[in-house]
Amino acid sequence: MMHQLAQQHRNEQLLKPTATIHVGNRLSLIERKVFNAIIWHSQNQRSAKPANYMSVDLLMSLIGLERSKNTEVIMDALERLTTTPIVWNTLKKDRTADWGVCTFLAGAEMNGGRLRYVLNPLLVEKVEHPTLFAKIQLLVQTRFSSKYSLALYEFLIDEMCRNGNPKTHVFQVSLDTLRHVLQFDGIYKHLNSDVLKPCVKEINKHSDISLVYSGVKKGRAVAALLLTIERKAVQLALTDLVTVETSDDPLNQLELMNDPLEQMLVTRGVGKRKAKALVETYDETRIRENIAHVEREYQAGKVKVLSAYLIRAIEEDYRPKVKSAALPERSEMSEREAAEKAREELLTDWNRYRERRVRERFAVLSSAEQEAHRSAFVERLDHTSSILKKQFKKDGFASRMVDAQFFSELHERLLESPEELDLDAYRASLMDIAEVVAARAQG
DNA sequence: TCCTTTGAACCGAATCCGTT
DNA sequence: AACGGATTCGGTTCAAAGGA
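Oh and the first sequence: position 119 is 119 in UniProt numbering, straight run, nothing missing.
Below, the structure is given as structure tokens:
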């Protein structure tokens with residue numbers, strides 16, 4: 001029973017603050033895993049109590065030792081976590097604090113198969129409101145057998161997340177940084193042969209990313225590494241997609257009540273009344289094409305606030321002239337224009353899909369995670385447009401504009417399956433589920 | 001050009017760590 | 001306690017590259 005429960009949990013992610021990834025300290029593999037498991041657990045506790053309880057069995061399972069009864073190991077790890085100081089943020093990657101020192105746990109107790117842990121208050125705020133964090137797959141961590149693999153994996157995921165979760169990411173790391181992150185001081189020969197090579201092998205074999213690297217020389221010696229990370233295609237796609245489409249999610253139902261066109265506007269941050277007015281005033285093509293047009297501009301970074309610009313675009317018709325001229329008769333369109341239009345429609349669909357998915361993904365997060373995203377957003381707000389700030393002051397997250405902007409920024413952080421990240425993958429998945437959808441439409 | 005430094009690919013021993 | 005895997009580190013040989 002317990003194992004089944006644990007099995008479910010292992011598919012989940014924890015948000016590990018960047019600060020705690022760059023801990024300038026030597027943690028053993030088990031200590032690191034316990035650290036992650038506890039972070040995950042505390043992020044999933046709805047109440048923000050200073051102390052939390054979790055079963056020892058669950059903890060053992062989360063660190064990949066489900067068959068072991070050796071609680072002594074756990075106690076040792078907990079002892080190390082409560083006594084060894086961790087110095088965080090020594091790489092200055094996190095904007096909220098530059099430097100800090102504390103122990104990870106304020107204390108821990110084990111009593112009749114239950115673990116009671118008290119997080120260090122200094123760390124609690126970081127864990128509960130991480131502004132920068134890596135999404136670590138809990139399942140992945142159990143499979144590593146080397147502490148370096150786990151440390152490197154965390155570092156890479158963090159790097160990916162801080163760069164907007166691209167599908168592939170190429171970047172350079174100095175050996176100094178790497179030595180610090182991995183806490184390995186040996187000469188390059190050993191760093192390479194004893195640490196990096198086995199790690200890369202393990203990461204490629206067991207994790208959700210794949211990695212290759214090459215040395216960057218300064219003079220004769222290697223001074224940095226050029227890393228190429230690629231997110232592996234995850235297989236969850238199809239089943240996940242279909243169940244979501246049929247679910248009775250309240251969010252979906254709410255959206256389904258509207259006129260689809262109206263709904264498209266609403267999901268982009270336009271207020272309900274305004275959306276209705278626009279739909280009544282202008283014809284469908286004009287609205288659709290302006291949405292597509294605005295979204296292209298938005299993705300190119302030319303638009304700050306989607307909703308406001310969109311309304312203006314529809315009212316004043318920002319569509320490129322050529323296309324609107326060619327529009328009226330579908331049969332008169334050249335093949336190229338038809339293809340372009342299809343692509344545009346696909347893009348619109350895709351964006352709508354992404355919009356929905358990001359809200360769904362947000363809805364299933366724990367309240368702590370949701371709160372973390374909100375506070376990070378508020379923090380970013382200081383550096384962005386004043387209209388948005390005004391809106392936020394007035395209505396908070398209830399403001400349509402704020403809401404739209406919030407979720408639009410969450411795209412990069414929450415969307416992760418291939419069809420959410422890549423238009424072509426989305427098209428492919430559409431073809432895959434076309435039959436399912438057709439069957440449902442008939443039935 | 002020759003000498004030196006560096007790395008790649010090995011080997012192997014000592015030690016650490018957790019399991020049985 | 002004995003075992004197996006991870007970690008650390010010293011060594012060797014060969015080849016490539018940098019510096020004088």
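C-beta: ideal position from N, C-alpha, C; glycine also.
In this structure, S214 and L226 form a Cβ contact; the two beta carbons are roughly 5 Å apart against a cut-off of 8 Å. Pairing L65 with Q43 gives a Cβ-Cβ distance that is not under 9 Å.
Per the DSSP secondary-structure output, A368 pairs with nothing in a beta bridge.
Look at the beta carbons and you see the stretch 144-156 not touching the stretch 73-82: under three pairs across the two are nearer than 8 Å.
If you draw a 10 Å sphere on the C-beta of F35, you find 16 or more other C-beta atoms in it, and that means buried. Taking 9 Å as the cut-off, the beta carbon of S149 is found closer than this to the beta carbon of I203. Beta-carbon to beta-carbon, F377 and E409 are separated by about 6 Å, close enough to satisfy the 8 Å threshold. Comparing C-alpha distances from P17 to each of T71, Y117 and C161 shows the shortest one belongs to C161.
Listed in chain order, the non-local C-beta contacts of I136 below 7 Å within the same chain comprise Q13, L14, K16, N36, E154 and I157, local neighbours out to five positions each way being set aside.
Of the candidates L306, I30, L58 and R67, the residue whose Cα lies closest to the Cα of E79 is I30. By the Cβ test, the stretch 114-129 is not in contact with the stretch 168-182, since fewer than three Cβ pairs between them sit closer than 8 Å. Straight-line measurement puts the Cα of A425 at about 45 Å from the Cα of C102. Judged by DSSP in its simplified three-state form, G396 adopts helix.
Exclusion of the five residues before and after R288 leaves T348 as the residues of its chain whose Cβ lies within less than 7 Å of its Cβ. The C-beta distance from G271 to D403 rounds to 10 Å, too long to fall under 8 Å, and the pair is not in contact.
For a cut-off of 8 Å, the C-beta gap from R114 to S68 is around 17 Å, too long to register as a contact. Secondary structure at L62: helix, using DSSP grouped into helix, strand and coil. Judged by DSSP in its simplified three-state form, N70 adopts coil rather than helix or strand. Contact annotation, E420 with R357: C-beta distance approximately 5 Å; criterion of less than 8 Å satisfied. By the beta-carbon neighbour count (other beta carbons within 10 angstroms, threshold 16), I86 is buried.
Per DSSP, the unbroken alpha helix (DSSP H) holding V140 starts and ends at L138 to R143.
By the beta-carbon neighbour count (other beta carbons within 10 angstroms, threshold 16), F397 is exposed. Following the DSSP letters along the chain, one finds S42 inside the alpha helix (DSSP H) bounded by residues L29 to Q43. Between R286 and K147, the alpha-carbon positions lie close to 57 Å from each other. Looking only at L119, M60, Y53 and N111, the smallest Cα-Cα distance to T82 is reached by L119. Only residues of its own chain outside the window of five on either side were considered, and among them T82, Y117 and V118 have a CB closer than 8 Å to the CB of G107, listed in chain order.
DSSP places Y309 in the uninterrupted alpha helix (DSSP H) bounded by L306 to E316.
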